Structure formats: structure tokens, C-alpha cells
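Q: Quick note on UniProt numbering: the sequence shown kicks off at 1 and runs consecutively. The beta-carbon is built from N, C-alpha and C at its ideal position, and this holds for glycine as well. The model shown is predicted, which means the values in this text are computed figures rather than measured ones. One structure coming up, written as C-alpha cells, with questions to follow.
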Amino acid sequence: MLLRSFKNFRKFHLELQQKRFLSVCLKPIKQLVRFEGPDTQKFLQGLTTQKVSLEKPYYTGFLNTSGRILFDAFCYPESFTTTDATKPNHRLYVEVEKFRTEEFLKHVIKYRLRYKCDVTAVDPEELSVQVGWEQDAEKVISDKNNLASMWDPRFQKPMLSRSVVSSHACTSNADLNEYAAFRFRHGVAEGSLEIIPGSAFPMESNLDWMNGVEFYKGCYLGQELTVRTYHTGVTRKRIFPFIIEEGSDAAGIQASSKLGLRASSGRLSKRSPGKVLAVQGRYGLVMLRLEYLHQPLECNGVPIQIMDEVWKEQLQSSETKTKD
């Protein structure tokens with residue numbers, strides 16, 4: 001019995017060690033689009049919310065003319081490969097949702113006009129994106145075999161790595177649900193199921209809090225409303241993470257479920273405080289009206305707790321800006 005217990009403990013300890021670094025290959029859900037040519041930087045500068053760099057990866061958004069988000073994306077300049085140090089490599093990869101690649105291509109090509117920049121979808125069997133988190137994630141960032149690597153700037157500190165790797169080297173020891181749950185715990189929305197295309201605004205979706213917007217760059221598609229919202233400080237709702245209270249049945253909470261005030265709040269509301277965008281296990285994301293941020297909330301009778309401490313500094317900064 002003692003020997004069996006020791007073997008079970010050793011097995012558990014080994015599994016725990018193996019889980020110290022979790023990684024997921026995003027090949028099933030993401031695809032890369034290659035931008036290449038002398039006008040790559042100038043072309044993308046007019047389409048994205050973040051300042052375009054050919055030196056380091058970054059997070060950004062593509063908007064429509066009304067200033068609503070069409071695509072949230074990561075941009076990866078290819079690592080410097082030329083022998084002439086004064087000559088930049090005008091090649092950049094944009095990570096988008098796989099099932100929306102054609103839609104993305106149509107959008108950007110429509111605005112290419114006379115820019116010297118070729119835009120092509122990369123074969124998923126050639127290159128993929130791998131994400132990693134928990135301990136030792138830095139090992140992936142520093143791997144010289146990566147085409148490009150970055151710490152995901154949407155998180156408050158370096159905790160999740162993103163790398164462009166050859167598809168045959170793109171492996172997983174976790175799954176997409178674990179990746180989603182990790183994002184949700186930290187309030188990070190991603191993709192069209194959480195950032196609704198043609199409906200969501202950059203500020204409401206926290207692109208500004210996740211380092212996806214540069215307010216002092218040159219003109220770009222959808223800029224006017226975005227900058228005006230920033231300067232007026234008027235954002236009435238935002239995305240927040242939530243956790244389902246211990247012992248509650250999470251089965252009744254699904255995407256698009258409306259939120260309500262708990263009866264114990266003693267407050268009535270003619271409109272819903274918000275709605276659920278996504279849920280995985282006990283964690284999820286909601287689009288919440290800020291006036292209800294500190295109210296006791298429920299969803300289909302299930303109590304939930306808003307994890308507003310994730311964005312504590314940003315909330316304080318926003319309140320100060322509004323008062324000024």
C-alpha cells in the first residue's frame with residue numbers, strides 16, 4: 001500500500017513538472033497573412049489602430065469607417081535577415097482567425113490601391129502560431145528557431161508568449177479550452193465571438209487597455225470616433241472577467257445570456273446590466289455597463305462575481321481622466 005501511494009505521488013509530481021509550461025498550437029483556429037513589399041508599413045499604417053512597426057511584434061485592430069472593430073490581430077515583422085544593416089525587411093505576418101481569412105484579405109486588398117505590397121494567405125502547413133504560459137514561458141520567447149516572438153501585450157505583465165513557428169514544430173501540451181480559460185481569468189477577449197465584428201468599439205473591447213491603440217499616430221480608417229471617445233472619456237461599458245461563485249451550477253450560463261441584478265441588491269433596472277460574451281468552466285467574459293460594476297449580479301439565477309481588480313489601474317486612470 002505504501003509503495004503504491006509513493007508511485008502515485010511520484011506520477012502526480014512528474015505530471016505537475018510537465019505542466020510547468022503550458023503551450024497550445026493555434027493552427028486549428030488561426031492563420032497568418034503575409035504582407036510584403038516596400039510600402040508594407042505605409043499601407044498598414046492607414047488601416048490599423050496601433051503604430052506599425054517593422055522591428056517588433058504588436059497587437060492591433062482593424063476598424064470599419066464607423067470606427068467599429070472588424071478584426072483584432074497580432075502583427076509579426078519577420079526577423080532581420082539581410083546582410084545590409086541599413087536595409088529593413090519589409091515583410092510582416094498578421095495573425096487572424098482562420099475561418100475569417102478570406103474576409104480579412106478582401107478587406108485589406110480593397111484599400112491597397114497603388115501601394116507596393118503583396119498580400120497572401122500563408123499555408124497553415126508552413127507556419128503557425130504557438131502560445132505558451134505559466135513558468136518557463138521565456139524559453140519559447142528566446143528560441144532562435146522562431147520566425148518571430150513576443151510577450152502578449154494584452155496582459156498586465158509578461159505571462160503569455162506568442163511565437164510564429166514552422167507548423168511541424170508547433171506542438172501542444174494543453175488545449176484550446178485551457179488557453180481560453182487562462183485568457184478569461186485575466187480579462188482578455190479575442191476573436192469575433194468575443195469582440196463582435198461591426199458592432200464592438202475599441203474602447204468597449206479594451207483595445208486601449210490591452211496596448212492595441214496608439215492615439216497619437218497618423219490617420220487611419222475609423223480613427224475619428226476612436227480619438228474623440230478617448231478625449232471625451234465617455235465609455236459606458238467594457239469587457240470584464242467574471243467567476244461563477246463556488247457551488248453554483250454553471251450550466252445555465254452561455255454566450256449571449258443577459259445579466260441581471262440579484263434580488264438582494266434591492267435595486268430594479270429596466271435594462272440588463274450587460275451580457276455574457278464567453279464562458280469556460282467557472283470563468284468567463286461579460287460586456288458590462290460601468291454603472292453596475294460594483295453591484296451584485298447574476299445570470300439566469302446563477303450568482304457571478306466581476307473580477308474588476310484585473311483592470312484596477314486602468315479604471316482608476318479612467319475615473320481621473322473623466323473628472324478632469
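1) Counting along the chain, where does the beta strand (DSSP E) carrying GLN130 start and finish?
2) Secondary structure at GLN311, three-state DSSP: helix, strand or coil?
3) At the level of alpha carbons, what is the spacing between ARG112 and ARG228?
4) Since ILE243 is in the beta strand (DSSP E), which residue starts that stretch and which ends it?
5) Pick helix, strand or coil for LYS56, following the three-state DSSP scheme.
6) Which ranges does the alpha helix (DSSP H) cover as unbroken runs of at least 4 residues, wholly within the segment 193-232, from first to last along the chain?
7) Pairing CB atoms from the segment 165-173 with CB atoms from the segment 119-135, are three or more of them under 8 Å?
8) For ASN206, is the classification buried or exposed, using 16 other Cβ atoms within 10 angstroms of its Cβ as the cut-off for buried?
9) Give me the Cα-Cα distance between VAL24 and ARG271, rounded to the nearest whole angstrom.
10) With distances taken from CA atoms, which of PHE43, ARG185 and ARG262 is nearest ILE109?
11) At the level of alpha carbons, what is the spacing between GLU313 and ARG114?
12) Go ahead and pull the three-state DSSP assignment for GLY252.
13) Rounded to whole angstroms, what is the Cα-Cα separation between SER66 and ASP72?
14) Whole angstroms are fine: how far does the CA of LEU176 sit from the CA of VAL119?
15) Output the boundary residues of the beta strand (DSSP E) element that contains PHE21.
16) Given that a residue counts as buried once 16 or more other Cβ atoms are within 10 Å of its Cβ, and exposed if not, what is VAL234?
17) Please report the straight-line C-alpha distance between PRO28 and GLN156, rounded to a whole angstrom.
18) Check the DSSP bridge columns for ALA181 and list the partner residues they point to.
19) DSSP three-state label for PHE155, please.
20) From MET287, VAL279 and LEU92, pick the residue whose C-alpha is nearest to that of TYR179; which is it?
21) Can at least three beta-carbon pairs, one atom from the segment 300-319 and one from the segment 244-251, be found at a separation below 8 Å?
A: Considering the structure as presented:
1) Indexing the sequence shown from 1 puts residue 130 at position 130. Residue range 127-134 is occupied by the beta strand (DSSP E) that includes GLN130.
2) Along the sequence shown, read from residue 1 onward, the residue named residue 311 stands at position 311. In the sequence on display, residue 311 carries Trp and not Gln. Three-state DSSP puts TRP311 in a helix.
3) The residue labelled residue 112 in the question sits at position 112 within the sequence shown. The residue labelled residue 228 in the question sits at position 228 within the sequence shown. A direct Cα-to-Cα measurement between ARG112 and ARG228 gives close to 26 Å.
4) Working through the sequence shown from its first residue, we reach residue 243 at position 243. 237-244 is the extent of the beta strand (DSSP E) around ILE243.
5) Taking the sequence shown and counting its residues from 1, the one referred to as residue 56 is at position 56. In this structure, DSSP gives LYS56 a state outside helix and strand, which the three-state scheme calls coil.
6) Taken in chain order, the unbroken stretches of alpha helix (DSSP H) that lie wholly in the segment 193-232 and span 4 residues or more are 223-232.
7) Yes, since at least three Cβ pairs between the segment 165-173 and the segment 119-135 fall closer than 8 Å, the two stretches touch.
8) Against the sequence shown, residue 206 aligns to sequence position 206. With 16 or more other Cβ atoms inside 10 Å of its own Cβ, ASN206 counts as buried.
9) Here residue 24 refers to the residue found at position 24 when the sequence shown is read from its first residue. Here residue 271 refers to the residue found at position 271 when the sequence shown is read from its first residue. The straight-line gap from Cα to Cα measures roughly 39 Å.
10) For this step, residue 109 is matched to residue 109 along the sequence shown. Looking at PHE43, ARG185 and ARG262, the one whose alpha-carbon comes closest to that of ILE109 is PHE43.
11) Here the question's residue 313 lines up with position 313 in the sequence shown. Here the question's residue 114 lines up with position 114 in the sequence shown. Answer to the nearest angstrom: the Cα atoms are 43 Å apart.
12) Along the sequence shown, read from residue 1 onward, the residue named residue 252 stands at position 252. DSSP, reduced to helix, strand and coil, places GLY252 within a helical segment of the structure shown.
13) Translated into positions along the sequence shown, residue 66 becomes position 66. Translated into positions along the sequence shown, residue 72 becomes position 72. Straight through space, the alpha carbons of ASP72 and SER66 are spaced by roughly 16 Å.
14) The sequence position of residue 119 within the sequence shown is 119, counting from 1. The sequence position of residue 176 within the sequence shown is 176, counting from 1. So the two alpha carbons sit approximately 28 Å from each other.
15) If you number the sequence shown from 1, residue 21 lands on position 21. Run containing PHE21: 21-25, per the beta strand (DSSP E) assignment.
16) Along the sequence shown, one-based indexing puts residue 234 at 234. By the 16-neighbour rule on beta-carbons within 10 angstroms, VAL234 is exposed.
17) Position 28 of the sequence shown, counted from the first residue, corresponds to residue 28. Position 156 of the sequence shown, counted from the first residue, corresponds to residue 156. Approximately 27 Å, taken between the alpha carbons.
18) Taking the sequence shown and counting its residues from 1, one reaches residue 181 at position 181. Under the DSSP definition of a beta bridge, ALA181 lacks any partner.
19) Counting from one through the sequence shown, the residue named residue 155 turns up at place 155. If DSSP states are grouped into helix, strand and coil, PHE155 belongs with coil.
20) Indexing the sequence shown from 1 puts residue 179 at position 179. Per the Cα distances, VAL279.
21) Touching, per the Cβ criterion.
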